[in-house]
Amino acid sequence: MTILFGTVEYFEREILSTPHDLSNSLSKDEYLKSIYAKLENEVLFNFVCDEKIRIECLQNLQIAYERLNRN
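So the numbering used here is basically just the index in the sequence shown, starting at one, shifted up by 73.
Structure, rendered in structure tokens:
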């Protein structure tokens with residue numbers, strides 16, 4: 074299955090595939106927040122796109138974060 078950039082599934086995969094080097098010193102919530110902030114920063118400042126796409130990506134990132142934070 075192909076996962077397209079910017080979808081909820083894409084961001085879930087990105088969050089889950091981030092190395093867990095710091096996870097021992099951080100709670101799950103703090104760890105997810107740090108990954109979320111990193112990805113949010115990348116979408117806001119490094120990703121060149123139309124503003125509508127940027128907003129949709131940020132919304133999808135938020136949904137992915139909330140899904141993973143519930144588990």
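Ideal Cβ placement from N, Cα and C applies to all residues, glycine included.
Ends of the alpha helix (DSSP H) at residue i?
i: ILE128; result: 124 to 143
i: ARG107; result: The residue asked about is misnamed: residue 107 is Ser in this sequence, not Arg. Note, SER107: alpha helix (DSSP H), 101 to 118.
i: ILE88; result: 81 to 90
Please confirm whether residue i and residue j have their CB atoms less than 9 Å apart.
i: ASP102; j: ASN142; result: yes
i: CYS130; j: PHE120; result: yes
i: GLU88; j: ILE108; result: The sequence given here places Ile at residue 88; Glu does not occur at that position. Going by C-beta atoms, ILE88 is nearer than 9 Å to ILE108.
i: LYS111; j: THR80; result: no
i: ALA179; j: PHE84; result: Beyond the ends of the chain as shown, which are 74 and 144, falls residue 179; an answer cannot be given.
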